[in-house]
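Numbering (the numbering used here), first residue to last: 887 to 1323.
All C-beta atoms, glycine included, are put in the ideal place defined by N, C-alpha and C.
From a predicted model like this one, the values you see are computed outputs, not experimental measurements.
Step one of this worksheet: look at the structure below.
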RNA sequence: UCCUCGAUAGCUCAAUGGUAGAGCACCCGGCUGUUAACCGGGUGGUUGUAGGUUCGAGUCCUACUCGAGGAGCCA
């Protein structure tokens, strides 16, 4: 598939290695300049990488040399030069400059190469994403999203997108953003799952990938008000099939990032051995076993309580790989979760907790396929029956055992990149009281 | 909503209750291999807001505003 675009006048910085000895033009932005009177070093970025252009006064002449002096940080420019291997230079190559075209001289740039506080950077997120670290994160996010899609494509899943505007709460628990739908109440979707169950009954194995909205006043490093979720739903999958698919998916994505994003992981100073050591299958423990584990770790915990973030961290830190916690108490889980036939006090749900304290990245499980039980649960949870008639239809017309899950992209990116805050995993994070820019 | 912490130059931070400072950025000068280059000089302040204590407040007290981290909820 690799093609060489010889007919193009310009080249990406990441491809300069193909042109050693040749003259090429790159187009980008000035990242930094160092000047020594008669020699200048122009560090240029183009989004694909960075390269140093070397300009010697004697060689390029006074006019070009002085032109370079007018350039400020982040000025846009086209730089022409001969590609050389140079171990002293970033990336191992440099450009012996022969030509420079100034596209636009930048005003004084607010983000310097020194330290800045997160508040200052967040206000300038549109510029912050130009920095090498943010660039690396967004490239890894892109690779992760492609990997998920490829994984599902290879396994004959159909991409079936779920609606973003919905008439009712999916689970009736969380706070939703409300809309006026031409006089009707509507909400931004908090999950595509119920719709996924319908498309799975139509297409067999499906997934959707889109934005999700939660209006809770969450203010932690793990929460966004708008985030992206991969949700899959599979007809004829039980709880074990479900976990097997998930671990293969997560493993596949990690291998893809290790294979294709080495440079980006290095930029982030990620300890890649933590990712390389992850093997299949992932450990599986029941909720009850997890409670025992917490008690042994000295935590006060009652069977029947839900795990908080500190508990997830303790459980996750006992394993080198992500760990499935399955068979949660029925009372703390959503109305559609199928009870375990061997022990109806628990459901056939399983969450995947990432290691290194990153907590829950997947929530999933087997769904109730029995009409009468589902009707009973809807009543118990005091949900508006009318809004769920179509969902009950799925049990009236050819009900099958089926399972699915939802994976949070941002938490997955934060974990794989080793970030301490989710706000860096998306180009423009939406957080409590924060939606600028 | 609750708990904890914070706010000083454009940025990152100093300053026993006693003249508000440094590095970076920016401007000027110097330097032919720099790696967040370096060296010399210069510009730059209503110390978040309002009030109080004091001879004197960036510093102590009160309220408020804004922000950060955490809890709950969850991906």
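- Non-local C-beta neighbours of residue 1271 in its own chain, meaning closer than 7 angstroms and more than five positions away in sequence, comprise 1264, ordered along the chain.
- Assignment of residue 1020 by DSSP, reduced to helix, strand and coil, places it in the helix class.
- Excluding residues up to 5 positions away in sequence, 1116 lie with their Cβ nearer than 6 angstroms to the Cβ of residue 1095 in the same chain.
- By the beta-carbon neighbour count (other beta carbons within 10 angstroms, threshold 16), residue 917 is buried.
- Membership of residue 1210 in the beta strand (DSSP E) is indicated by the continuous run 1209-1212.
- The Cβ-Cβ distance between residue 1158 and residue 1030 does not fall below 9 angstroms.
- Ranking 913, 942, 935 and 1051 by CA distance to the CA of residue 924 puts 942 first.
- If you draw a straight line from the Cα of residue 1142 to the Cα of residue 1304, it comes to about 16 angstroms.
- By the C-beta density criterion, residue 1168 is buried, having at least 16 other C-beta atoms within 10 angstroms.
- Annotated three-state conformation of residue 1321 is coil, per DSSP.
- Counting only unbroken stretches of 3 or more residues, the beta strand (DSSP E) elements lying wholly within the region 1021-1086 are 1064-1067 and 1070-1074, in sequence order.
- In terms of CA proximity to residue 1285, 1254 leads the group 1254, 1308 and 1291.
- With a cutoff of 9 angstroms on beta-carbon distance, residue 1246 and residue 1297 are scored as near each other.
- Residue 1135: member of the alpha helix (DSSP H) spanning 1125-1146, first to last residue.
- Put simply, of 1299, 1137, 1212 and 935 the residue whose alpha carbon is nearest the alpha carbon of residue 1171 is 1212.
- For residue 1187, there is no enclosing alpha helix (DSSP H), as DSSP marks it with neither H nor E.
- Judged by DSSP secondary structure, residue 918 falls within the beta strand (DSSP E) whose first and last residues are 909-921.
- Counting only residues of its own chain and dropping the five nearest sequence neighbours on each side, residue 1261 has a CB closer than 7 angstroms to the CB of 1278.
- Bridge partners of residue 1225 according to DSSP: 1233.
- With a contact defined as Cβ atoms closer than 8 angstroms, residue 1019 and residue 996 miss out at about 17 angstroms.
- Per DSSP, the continuous beta strand (DSSP E) segment holding residue 927 begins and ends at 925-931.
- Within the region 938-1019, the complete beta strand (DSSP E) segments of 3 residues or longer fall at 962-971 and 979-990, listed in chain order.
- The beta carbon of residue 1122 sits closer than 7 angstroms to those of 1286, 1287 and 1288, all from its chain and outside the five residues before and after it, given in chain order.
- Residue 1110 and residue 1317 do touch by the CB rule: their CB atoms are close to 6 angstroms apart, below 8 angstroms.
- Judged by their CB atoms, residue 959 and residue 919 are nearer to each other than the 9 angstroms cut-off.
- Within a 10 Å sphere around the beta-carbon of residue 954 sit 16 or more other beta-carbons, which makes this residue buried.
- About 11 angstroms separates the CB atoms of residue 910 and residue 970; that is not less than 8 angstroms, and the two are not in contact.
- DSSP places residue 1298 in the uninterrupted alpha helix (DSSP H) bounded by 1295-1303.
- Secondary structure of residue 1172 (DSSP, three-state): strand.
- DSSP places residue 1266 inside the alpha helix (DSSP H), whose first and last residues are 1257-1266.
- Residue 998 counts as exposed, since fewer than 16 other beta carbons sit within 10 angstroms of its beta carbon.
- Around the CB of residue 1107, fewer than 16 other CB atoms lie within 10 Å, so the residue is classed as exposed.
- Sequence-distant Cβ neighbours of residue 979 in its own chain, meaning closer than 8 angstroms and more than five residues away, are 902, 903, 906, 937, 969, 970, 971 and 972.
- Bridge pairing for residue 1288: 1121 [DSSP].
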